[in-house]
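For the sequence shown, the residue numbers in the numbering used here are 1 to 187.
Using N, Cα and C, we set each Cβ at its ideal position, and we do this for glycine too.
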Amino acid sequence: MADPNTDSAYDFDWLDYLIGIGFILLFLVDVGTDIRMAAEYFMEEQWLFGSITTVPVFLAYLVACFFALANYHIIRVDLSADFVYISRYDEAAPVWVWTVRIIFLVFGLSPVVRTVEFLYCGYKSSCRECSEETRREYREHTLDIALANSFIRIFESYMEAAPQLCLQLYIIFKTIPDKPVAGGESS
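Right, here's the structure in full:
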């Protein structure tokens, strides 16, 4: 077992890549099914059920956006003409990276960008061509991103997933027909 006090204890490996890619896929499936479910309710003119489905998703989206923006502020972003400097890491992110971040944030897909950043920083933290100091900085950044992602996902789970599950169960029980299921006894 690796000594937790050394940098090698936090090496980024294939399992980290698998978890990151798996998260992106599951997140996109979750967003897609939420949209489809709400769209079906609205197309069937079931306004109450469509609203019950949409409101928790939208509120969680607003909270996740707030925390994502707060997280970028916490790492002390300084704007300049050509680059956005993240002073904590002494690294400049091109304006196009911030443009992508903002576009994905507006559409509620910022966790995808954060996970791609996590995978990129994880790769750089284990890149043998980089200096030990560079790997250490990327390793720290990888852990910071993982922590921020976890924090945002926990809030999103409590604000969207759990309430939405309860509301969808309510909708299912509310829409069950009074007639017995085939093969069941009638009263």
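1) To the nearest angstrom, how far is it from the Cα of R88 to the Cα of Q168?
2) Do G108 and Y61 count as a contact pair if the criterion is CB distance below 7 Å?
3) Beta-carbon within less than 6 Å of I171's beta-carbon, same chain only, minus the 5 sequence neighbours each way: which residues are those?
4) How long is the line joining the alpha carbons of D30 and L143, rounded to whole angstroms?
5) Report yes if the C-beta distance between S125 and R114 is below 7 Å; otherwise report no.
6) Do A68 and L119 come within 7 Å of each other at the CB atom, strictly closer than that value?
7) When burial is assigned at 16 or more other CB atoms within 10 Å of the CB, is I21 buried or exposed?
8) Might you give, ordered along the chain, the residues of its own chain that have their beta carbon closer than 6 Å to the beta carbon of F12, omitting 5 neighbours on each side?
9) Can you check whether the CB of P94 is closer than 7 Å to the CB of E160?
10) So, helix, strand or coil for E133, using DSSP?
11) Under the rule that 16 or more other beta-carbon atoms within 10 Å means buried, what is T53, buried or exposed?
12) Select from G32, V100, A64 the residue whose C-alpha is nearest the C-alpha of V116.
13) Using a Cβ-Cβ cutoff of less than 6 Å, which residues in the same chain neighbour Y158 once the five nearest sequence positions on both sides are dropped?
14) Please report the Cβ distance between A64 and E140, rounded to the nearest whole angstrom; I am assuming they are in contact, meaning their Cβ atoms lie under 8 Å.
15) Give me the Cα-Cα distance between W98 and S110, rounded to the nearest whole angstrom.
In short:
1) To locate residue 88, count along the sequence shown from 1; it is residue 88. To locate residue 168, count along the sequence shown from 1; it is residue 168. With a pLDDT of 44 at R88, under the threshold of 50, the predicted position of this residue should be treated as unreliable, though the coordinate-derived value follows. Rounded to the nearest angstrom, the two C-alpha atoms are 43 Å apart.
2) Here residue 61 is taken as the residue at index 61 of the sequence shown, counted from 1. Here residue 108 is taken as the residue at index 108 of the sequence shown, counted from 1. Their beta carbons are under 7 Å apart, which means Y61 touches G108 by this criterion.
3) As a first step, residue 171 must be located in the sequence shown, where it is residue number 171. Hits under 6 Å: F49.
4) In the sequence shown, the residue the question calls residue 30 occupies position 30. In the sequence shown, the residue the question calls residue 143 occupies position 143. Between the C-alpha atoms of D30 and L143 there is a straight-line separation of about 25 Å.
5) Stepping through the sequence shown from its first residue, residue 125 is reached at position 125. Stepping through the sequence shown from its first residue, residue 114 is reached at position 114. Against a cut-off of 7 Å, the Cβ pair of R114 and S125 comes out as no contact.
6) The residue given as residue 119 occupies position 119 in the sequence shown. The residue given as residue 68 occupies position 68 in the sequence shown. Result no, Cβ atoms of L119 and A68 do not sit closer than 7 Å.
7) As a working note, residue 21 is residue 21 in the sequence shown. Burial call: exposed.
8) Sequence index remark: in the sequence shown, residue 12 carries index 12 (1-based). If we look at F12 and ignore the five residues flanking it on each side, its Cβ neighbours are G122, S125, S126.
9) Along the sequence shown, read from residue 1 onward, the residue named residue 160 stands at position 160. Along the sequence shown, read from residue 1 onward, the residue named residue 94 stands at position 94. Not closer than 7 Å, so no.
10) Against the sequence shown, residue 133 aligns to sequence position 133. The answer is helix: DSSP assigns E133 an H, G or I state.
11) If you number the sequence shown from 1, residue 53 lands on position 53. Classification for T53: buried.
12) Your numbering for residue 116 matches position 116 in the sequence shown. For V116, the nearest C-alpha among the options comes from V100.
13) The residue you call residue 158 lines up with position 158 of the sequence shown. Cβ within range, chain order: n/a, list empty.
14) Within the sequence shown, the letter at position 64 stands for residue 64. Within the sequence shown, the letter at position 140 stands for residue 140. That pair is no contact at about 24 Å.
15) Within the sequence shown, the letter at position 98 stands for residue 98. Within the sequence shown, the letter at position 110 stands for residue 110. Straight-line Cα distance between these residues: approximately 11 Å.
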